[in-house]
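To start, the structure under review is shown below, and the notes come after it.
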Amino acid sequence: MQDLLTSFDGRIRRGQYWLGVIVLIVAVVIVFGLISVLFGESLFGRLLTLLITLGLIYPWLALGTKRLADRGQPPMPKLAIFIAPGLLLTLIDTFRIGYRPVPGFAGGEMMPGMPSMVIGLISFGVGIWALIELGILKGDPEPNAYGPPPA
């Protein structure tokens, strides 16, 4: 399992990819849930979430690189395209870029503005593309430039 999330070498099948994705999602839900409970919407909580998100890029890249290798495709620029909108959305939300006060609330509640909504929509579309490319389409049954098919 460790090699699955830390190595960029070789190829992995869809089942191995989904196992890695499930492990990362469970970890994210637990850690981000704890941050939300402990720090709420404070700047510290948002910055901590940003730092953890940045740290999770490495295992996501490791999974994506090996999955694209199984399909005989180079990892860049496709993985950069898959990650960029979500990372940009995280930065926008962390620093509340384009946020505006919620009408009728005096408590200082803020809601996402147009930048968050547009990048969120782009991120959703790119996420569907990544889901199809990485999690649904079959790999090459034969050896390719990235090695033999996974066992």
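Per my numbering, residue -15 is the first one in the sequence shown, and the count goes up by one each step. C-beta atoms are modelled at their ideal positions from N, C-alpha and C, and glycine is treated no differently.
Counting every other CB atom within 10 Å of its CB across the protein chains shown gives threonine 49 a total of 16 or more, marking it as buried.
The C-beta of proline 69 has 16 or more other C-beta atoms within 10 Å across all chains shown, which makes the residue buried. Between isoleucine -4 and proline 132, the gap from beta carbon to beta carbon reaches 8 Å or more. Here arginine 55 carries a coil assignment [DSSP, helix/strand/coil].
Secondary structure within the stretch 29 to 103: not one fully enclosed beta strand (DSSP E) run of 3 or more consecutive residues is present. Excluding residues up to 5 positions away in sequence, Arg30, Leu34 lie with their Cβ nearer than 6 Å to the Cβ of threonine 78 in the same chain. Distance from the CA of glutamine 0 to the CA of leucine -12, rounded to the nearest whole angstrom, comes to 8 Å. Across the structure, leucine 47 and glycine 4 are spaced so that their CA atoms are roughly 7 Å apart.
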